[in-house]
Amino acid sequence: MTQTAVPLPVDDRAAEPAPRRKRIALVASKGTLDQAYPPLILASTAVSMGWEAGIYFTFYGLDILHKDRFQKLKVASLANPSGPIQLPNALGAIPGATAAATKIMRKWMSDARMPTVPEFLQMNRELGVQFFACATTMGVMGVEESDLIDGSDIAGAAAFLDYAAEADVSLFV
Amino acid sequence: MTDTAHTKPSTELDLTDLDCTGLLCPLPVYKAALVLNQLEDGQLLRMVTTDPGALADIPAMARQRGDTLVEVVEEEGRQVFILKKGAGE
């Protein structure tokens, strides 16, 4: 079997390099409604300040990029002592408790005029935030590329660390 | 979220107004950046905020972007910032 060499990308940047922008590399590892906000807020703020920003969505965090799931993220009512409804775990497990906690969190956000997660995703996309989808999570959880919102870059740990190695700020959420 | 309905250019002063009252982080910074990105160096943005975090956030944004914070006025329950696009003279 013969192999064809793949040509390397041509570096067509001008001889005069643009001034280097600061960069933030974020990991979004949680798929609950409340925990979807921090990485999206930090990334949109960073780009608004002229930085580059990338978010690596891994494990449950990949739900934030999942077309069928990012509009349905929930707040846990169980084992969440700081949540919108503060119930003993025995009650937090009753049917409907998670839905109630989610509804209250949505109302808090709406009353505070905060964008929804879908709106934040759209803002981040328009700002040019790079979305990395964890390839291992996709394999483990059976997520296909077509399940992800457009513009998600499938990447493993090495590719994300290559991006993060050039970052000034790296945070794990 | 990219609407600029709250902005109105005032050509005689070369100053753009942005109303961010009632908005929390990150929206004042996000909206200010959308306006500042459209301005030429030296043009002014006047923004009004009520988010208590804005007193720290807007100067930080200006420093990170390389824009100039010209003036901050704290009024009752709100803050008024004058920003100039670019590092200035």
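Here the protein sequences line up with chains A and B, keeping their order.
Last residue of the first sequence: number 173 in the working numbering, and the count goes up by one each step with no gaps.
Last residue of the second sequence: number 1089 in the working numbering, and the count goes up by one each step with no gaps.
Where is the CB? At the ideal position from N, CA and C, for every residue including glycine.
- In this structure, the beta-carbon distance from A:Ala167 to A:Ile41 does not fall below 8 Å.
- In this structure, the beta-carbon distance from A:Leu148 to A:His66 falls below 8 Å.
- Interface annotation for the segment 136–151 of chain A against chain B: empty, criterion Cβ-Cβ distance under 9 Å.
- For A:Arg125, the closest Cβ of chain B is not nearer than 8 Å.
- Per DSSP, reduced to three states, the secondary structure at A:Thr98 is helical.
- The Cβ-Cβ distance between B:Met1061 and A:Ser48 falls below 8 Å.
- Bounds of the alpha helix (DSSP H) holding A:Met141 are Ala135 to Met141.
- From the beta-carbon of A:Ala112, the residues of chain B found nearer than 8 Å are Leu1024.
- Listed in chain order, the beta strand (DSSP E) runs fully inside the segment 41–93 of chain A are 52–57, counting runs of at least 3 residues.
- In terms of beta-carbon proximity, A:Gly50 lines the interface with chain B, with at least one pair separated by less than 8 Å.
- In the DSSP secondary-structure assignment, B:Val1072 is bridged to B:Phe1081.
- In the same chain as A:Ser29, and ignoring 5 residues on each side of it, the C-beta atoms closer than 6 Å to its own belong to Thr58, Phe59 and Gly61, in chain order.
- The Cβ atoms of A:Ala36 and A:Val117 sit closer than 8 Å to each other.
- Non-local C-beta neighbours of B:Leu1055 in its own chain, meaning closer than 7 Å and more than five positions away in sequence, comprise Gln1079, ordered along the chain.
- Of all alpha-carbon atoms in B:Lys1084, B:Glu1076, B:Ala1087 and B:Asp1014, the one lying nearest the alpha-carbon of B:Thr1049 is that of B:Glu1076.
- Taking a Cβ-Cβ cut-off of 7 Å, A:Thr102 has no neighbours in chain B, whose nearest Cβ is about 20 Å from it.
- Straight-line measurement puts the Cα of B:Leu1027 at about 10 Å from the Cα of B:Thr1021.
- For A:Ala25, the enclosing beta strand (DSSP E) has its first and last residue at Arg23 to Ala28.
- Proximity of chain B to A:Ser44 at the Cβ level (cut-off 8 Å) is accounted for by Pro1026 and Tyr1030, in chain order.
- If you draw a 10 Å sphere on the C-beta of A:Ala133, you find 16 or more other C-beta atoms in it, and that means buried.
- For A:Ile41, the closest Cβ of chain B is nearer than 8 Å.
- Looking at B:Ala1032, B:Asp1067 and B:Ile1082, the one whose alpha-carbon comes closest to that of B:Glu1074 is B:Ile1082.
- Only residues of its own chain outside the window of five on either side were considered, and among them Leu1018 and Cys1020 have a CB closer than 7 Å to the CB of B:Lys1031, listed in chain order.
- Contact annotation: B:Leu1015 and A:Met114 have beta-carbon atoms that are not nearer than 8 Å.
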